[in-house]
Ligand SMILES: [Zn+2]
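In my numbering, the protein residues as written are 106 to 223.
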């Protein structure tokens, strides 16, 4: 499953950051996903609990935010937001456009919680 390997890569990034916070667990993870990233947020939500078992992110809440698709027109140099299936300049209608956002998946934020020693 594609989403599981993405989860594992993201988790590795999270665990690397987590090394700077000893005695903390991850309480909340925010990911930003563009519609052209090829990542299905629903599948990612399903894969995450499996990928995170026995890690400091095991009980973290996963929040997924959706990024807009933005293009830059190569004809008139205008930036526009477009639907993911219609990458046309919203000003002049040209199809010669460059994607500037919408195909990425970003780790937007992480929240850590200190472990309480009982
Ligand atoms: Zn244009």
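Note that CB positions come from ideal geometry on N, CA and C, so glycine has one too.
What is the rounded straight-line gap between the Cα of residue 145 and the Cα of residue 128? 32 Å
Relative to the alpha-carbon of residue 213, which residue among 133, 110 and 141 has its alpha-carbon at the smallest distance? 133
Measuring from the CB of residue 203, is there a heavy atom of ligand 1 at a distance below 8 Å? no
I need the straight-line Cα distance from residue 202 to residue 178, nearest angstrom please. 4 Å
Starting from the C-beta of residue 152, find all residues in its chain whose C-beta is less than 7 Å away, skip the five residues before and the five after it, and write them out in chain order. 106, 108, 109 and 112
Beta-carbon proximity list for residue 126, same chain, < 7 Å, skipping 5 on both sides: 217
Note down the Cα distance separating residue 185 from residue 149, rounded to an integer number of angstroms. 28 Å
Limits of the alpha helix (DSSP H) - the one that residue 110 falls within: 107-123
Does DSSP put residue 179 in a helix, in a strand, or in coil? coil
Starting from residue 213, follow the beta strand (DSSP E) in both directions and report where the run begins and ends. 210-219
The beta strand (DSSP E) with residue 204 in it runs from where to where? 202-206
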